[in-house]
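First up is the structure itself, then whatever we jot down about it.
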Amino acid sequence: MSRPAPTRAATHPVRLAQGAVVTVLALSMCAMVTVSANARDGGTGLMPAAFAPEAAQVERARAGAVDVAADAIEVAQTAQAEGAEVAIDAAELEALQAATARLDELVVEATGDEVTAPRAASRSGEREETPDTEVVTPAAPTPDPAAPTDPATTVDPAAPIDPASVFEQTPAPAPVPLVPPASGKEDATTAELREAVATVATLTTTVRQSAEAKRVADAAAAQAAAEAAAAAAAAQAAADAAAAAAAAQEAQRAAWKQSLLGYSNGRIPDSALCGVSFDASVRLRCDAAEQLDVLNSAYRAQFGTDLVISDSYRSYAGQIACKRTKGYLCAAPGTSNHGSGVAVDLGGGIESFGTKQHRWMAANAPDLSWELPSWAARGGSKPEAWHWEYVG
Ligand SMILES: [Zn+2]
């Protein structure tokens with residue numbers, strides 16, 4: 000923006016100091032200048048001298064409202080961007096956008112009207128052009144600070160108010176601005192601006208609150224999702240650990256199953272055998288011992304007593320002694336499963352067919368790979384109700 004004011008101001012007899020005071024002084028001078036201009040023109044100016052102060056007041060009120068409106072638009076647009084960022088209700092954003100657009104129209108309308116005033120004044124009192132047509136437009140560059148010092152141009156009612164300075168002072172106003180209540184004479188446009196700014200302010204507040212609520216809700220949802228993911232990960236880790244443990248156990252059993260293959264019947268060193276928790280005399284291949292412990296727990300839960308074991312691993316020498324004392328009841332040395340560490344002879348009722356203990360064993364032991372061999376079954380080639388073998 001450029002105006003011829005500075006050169007004229009330098010030669011003007013009335014030279015005022017620059018600063019905020021200028022505004023007030025310039026405004027108060029406005030009437031005087033208008034009066035003198037009208038006097039020179041013989042009272043033919045468009046603005047009657049008697050109404051000049053009132054007209055200036057109206058213009059000033061409008062310019063102030065335009066400034067506030069510009070602020071409100073900026074604040075609303077910021078709020079709108081924030082609301083859009085967190086995807087609040089689209090209707091709220093649209094309402095604010097519409098209200099902001101309406102306010103923007105009013106600002107254009109108000110500033111468009113305003114530019115006619117100085118032109119009318121220049122026609123009445125000045126021969127010089129006043130190209131300043133964007134004084135109150137928010138995007139306008141900083142007005143020439145020397146302008147108010149020239150009484151000839153103070154007829155421009157918008158000049159004393161510098162919207163750019165308003166933006167500089169409040170670059171990002173937290174509160175939503177409002178046009179203050181009318182304190183004097185004002186026109187319909189100013190009243191419309193006030194109302195439109197109030198609408199924008201209300202909708203801006205709504206959008207801000209929704210955006211904040213959405214941010215809080217989003218954060219809570221993210222937190223919940225993170226917790227759910229952590230819980231799922233923990234559950235998966237537990238499942239993985241259980242699977243790994245099961246696999247390890249399976250591998251261990253497989254290894255145990257192979258552990259005695261290098262030994263001949265009845266020649267297994269004690270260090271290669273395992274015991275059970277409920278009977279220190281028992282020696283078995285380790286996987287057979289492990290499952291017999293599990294079987295005993297179930298048996299104990301059912302009968303309140305541990306399994307009674309009269310024989311388990313039997314060495315070659317032991318088998319010879321057995322054969323010597325029990326005759327046909329003992330297999331030939333080197334052929335018995337007792338010599339392989341996978342057979343037990345049981346008592347406590349199991350040694351007789353038909354007892355509840357024997358029936359329980361027949362129903363439950365096979366689940367743990369402990370079975371009565373067919374030859375030892377009732378009706379078998381050599382019935383032995385007490386002889387059970389691990390077949391896992
Ligand atoms: Zn036996």
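The sequence shown begins at 0 in numbering that gives the first Met the number 0 and counts up one residue at a time. Every residue gets a Cβ at the ideal spot worked out from N, C-alpha and C, and that includes glycine.
Could you name the residues of the same chain whose beta carbon sits closer than 6 Å to that of residue i, not counting the 5 residues immediately before and after it, in chain order?
i: Ala342; result: Asn336 and Glu388
i: Glu350; result: Ala384 and Trp385
i: Gly353; result: none
i: Val281; result: Gly274, Val275, Ile308 and Ser311
i: Tyr262; result: none
i: Arg252; result: Asp286
i: Asp292; result: Val275 and Ser276
i: Asp344; result: Ser309, Asp310, Trp385 and His386
i: Tyr254; result: The question names Tyr, yet the displayed sequence has Ala at residue 254. Taken in chain order, the list of residues that qualify is empty.
i: Arg39; result: Legend: pLDDT at Arg39 = 42, less than 50; position of this residue unreliable, no value from coordinates given.
Quick one: does the C-beta of residue i sit closer than 7 Å to a heavy atom of ligand 1?
i: Ala342; result: yes
i: His386; result: yes
i: Asp310; result: yes
i: Glu383; result: yes
i: Ala357; result: The question names Ala, but residue 357 is His in the sequence shown. False, no ligand heavy atom lies under 7 Å from that Cβ.
Excluding five sequence neighbours on each side, which residues of the same chain lie with their C-beta closer than 8 Å to the C-beta of residue i?
i: Thr334; result: Asn264
i: Leu192; result: Arg61, Ala64, Val65, Val67, Ala68, Leu102, Leu105, Val106, Ala109 and Val178
i: Gly379; result: Pro372 and Ser373
i: Lys256; result: Arg284, Asp286 and Gly391
Can you give me the Cβ contacts of residue i inside the same chain, cut-off strictly under 7 Å, excluding the 5 residues immediately before and after it?
i: Ala364; result: Leu294, Glu370 and Trp387
i: Ser368; result: Gln290, Tyr389, Val390 and Gly391
i: Val57; result: Lys184, Glu185 and Asp186
i: Gln301; result: Trp359
i: Ala197; result: Leu177
i: Ala375; result: Lys381, Pro382, Glu383 and His386
i: Ala361; result: Leu371
i: Thr203; result: Val74, Ala75, Ala78, Leu95 and Val175
i: Thr189; result: Ala60, Arg61 and Ala64
i: Arg266; result: Tyr315
i: Ala297; result: Asn363
By how many angstroms is the C-alpha of residue j removed from the C-alpha of residue i?
i: Val135; j: Ile72; result: Confidence at Val135 is low in this model, with a pLDDT of 38, below 50, so the placement of that residue is unreliable and no value is reported for it.
i: Gly338; j: Lys355; result: 29 Å
i: Gly394; j: Ala331; result: With the chain running from 0 to 391 in the structure shown, residue 394 is simply not present.
i: Pro320; j: Ala234; result: First, the amino acid is wrong: residue 320 is Ala here, not Pro. So the two alpha carbons sit approximately 56 Å from each other.
i: Leu328; j: Lys322; result: 7 Å
i: Glu53; j: Ala89; result: 44 Å
i: Leu92; j: Val206; result: 7 Å
i: Gln79; j: Ala218; result: 20 Å
i: Ala455; j: Ala236; result: Lying before the first or after the last residue shown, residue 455 is absent from the chain, which here runs from 0 to 391.
i: Gln96; j: Asp70; result: 15 Å
i: Ala231; j: Ala216; result: 22 Å
i: Arg397; j: Gly348; result: No information on residue 397 is available, as it lies outside the stretch 0 to 391 that the chain covers here.
i: Thr318; j: Lys325; result: For the record, residue 318 in the displayed sequence is Gln; it is not Thr. Rounded to whole angstroms, Gln318 to Lys325 spans 10 Å at the Cα level.
i: Ala250; j: Ala244; result: 10 Å
i: Arg377; j: Ala229; result: 58 Å
i: Asp269; j: Ser314; result: 10 Å
i: Glu194; j: Ala55; result: 22 Å
i: Glu81; j: Ala181; result: 32 Å
i: Ala225; j: Ala246; result: 31 Å
i: Ala227; j: Thr99; result: 42 Å
i: His357; j: Ala223; result: 56 Å
i: Asp239; j: Gln248; result: 14 Å
i: Leu259; j: Asp366; result: 23 Å
i: Ala288; j: Ala220; result: 53 Å
i: Ala241; j: Leu272; result: 27 Å
Practice task
Return the chain-ordered ranges of every alpha helix (DSSP H) run that is complete within the region 309-341 and spans a minimum of 4 residues.
Solution key: You should have 315-325.
Exercise for the section: Examine the Cβ distances between the region 302-318 and the region 270-278 and report whether three or more of them are shorter than 8 Å. Expected result: yes
Problem - Any 3 or more C-beta pairs closer than 8 Å across the region 76-89 and the region 205-219 - result: yes
Practice task
Return the chain-ordered ranges of every alpha helix (DSSP H) run that is complete within the region 226-304 and spans a minimum of 4 residues.
Solution key: 285-302
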